[in-house]
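Residue numbers (my numbering): 711 to 1046. Virtual Cβ for every residue (Gly too), placed ideally from N, Cα, C. Notes follow once the structure below has been shown.
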C-alpha cells in the first residue's frame, strides 16, 4: 500500500454474536424488500429503510442509549440538516416518541448518520453534504467533565469533539474504487471561527464529513485515526519486501466482509465518544458561556450585514424589447 492508497482487508465472521448480527443484516434486507412491495413511492420506501435501521440499532446498543431522527444543535447555536439516525447517550436531556422527529443537543449525541436504500453518486454526495454540516458542530466540556485515559483523550482530540457520522446503505450503484476516490477527495471540515481556542483545543482538529459507510452484504469503509478505539493497525510492505506497521495512519480503509453490519456495530460501539459529565449537558444551551454568546452574536451580526448589503445592491433594469436576450446556463452547459 502506498500513502495515497486506501488499505483493503477481507474479513470472514464466525463468532457467535457475529452470526447473530449477520442474521439481523438479512432481516434488514427483508425489511427493505417488504417496503418495496408495499409501495412504489420512493419516500415511503426510504422511510421503511430508515425505521428498520433505527429499530436494529435500538436492539444492539447499550442500555440507556436511544435512537431517533431529527436535527442536532450545538451550544453555539449551529444545527445539522435533518438526520435519519440520531443516537443519544444517557446524558441527553430530552426524549422523543419513536417515529417523531426531534431536536437534539450534540453534547448528548453519541453518533448520527444517514440511511440510503441505494447508494448512487447522488446519494453519496448528499451524505457528504449532510456530514459536512454535522461536522461543523462541536461539543462543550467544562472542568468537571472527564475523559478517562490518555489514549481516549488523544482520540477525543482526533475526532475534534464531534461525534461520528455514518451511512448505512442497503445496496450501492457506485464502484468501490469510486467511493474511495470521493471520500478521499472530500475536504476536511475545520471548526467555524470562534469554536476553537487554538491548536491545543480538542475542538480544533479538522474532520472528514463521514466516518463510516456500511454497504450491506458487501463491505465497510472506515476512516481510521492513529488512536482509533478499534485498535486497527495498517500493515505496509517496504520496497525491500519486508513488512511494517503504520501507527500514525489517518485516512480511509475498506474492509470487504461477508457481514459488514457486524463490523459497523463493532466500530460504532468503540467509536462513540464517552465523556463523564460533572454537570448537565444541557447547561450551556440554557445559559450560554461567554465564548458561545460571542459566537452567536457574531453570527447574527454577519447575517445583518449580509441583509443590508443585499438591500443596498442596485436593482437590475427591467428587460425591454430590443435588449439582448438574457443567457441562461444549466448544469450541462456552463460559460467558458
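Straight across, the Cα-Cα distance linking residue 815 with residue 878 is about 22 Å. Secondary structure note for residue 973: its alpha helix (DSSP H) is the uninterrupted segment 970 to 981. Of the residues 950, 1008, 886 and 1017, the one whose Cα lies closest to the Cα of residue 788 is 1008.
Here residue 1002 carries a helix assignment [DSSP, helix/strand/coil].
Each residue's CA atom was taken as its position, placing residue 863 and residue 1019 some 44 Å apart. Counting C-beta atoms within 10 angstroms of its own C-beta, residue 813 has fewer than 16 neighbours from the protein chains shown and is therefore classed as exposed. Restricting attention to 770, 1004, 778 and 801, the CA atom closest to the CA of residue 989 is found in 801.
When 796, 850, 766 and 776 are compared, the shortest CA-CA separation from residue 995 is found for 850. Ranked by how close their Cα comes to the Cα of residue 837, the residues 865, 807, 893 and 739 have 893 in first place.
For residue 869, the three-state secondary structure derived from DSSP is coil. Cβ neighbours of residue 881 within its own chain (closer than 6 Å, five residues either side excluded): 828. By the Cβ-count criterion, residue 763 is buried, with 16 or more other Cβ atoms from all chains shown falling within 10 Å of its own Cβ. Looking only at 1011, 1000, 1015 and 969, the smallest Cα-Cα distance to residue 739 is reached by 969. CA-CA distance, residue 737 to residue 950, rounds to 47 Å.
Partner residues in the beta bridge of residue 856, as assigned by DSSP, are 986. In the three-state DSSP reduction, residue 875 falls in the strand class (E or B). Contact between residue 932 and residue 965 holds: their C-beta atoms lie close to 7 Å from each other, under 8 Å. Less than 8 Å divides the Cβ of residue 782 from the Cβ of residue 819. Counting only runs of 3 or more residues that sit fully inside the segment 733 to 815, the beta strand (DSSP E) segments are 776 to 783, 793 to 798 and 811 to 815, in chain order. For residue 824, the enclosing beta strand (DSSP E) covers residues 819 to 826.
When secondary structure is reduced to three states using DSSP, residue 954 falls in the strand class.
Straight-line spacing of the CA atoms in residue 929 and residue 967 works out to 5 Å. Taking all protein chains in view, the Cβ of residue 917 is crowded by 16 or more other Cβ atoms within 10 Å, so the residue is classified as buried.
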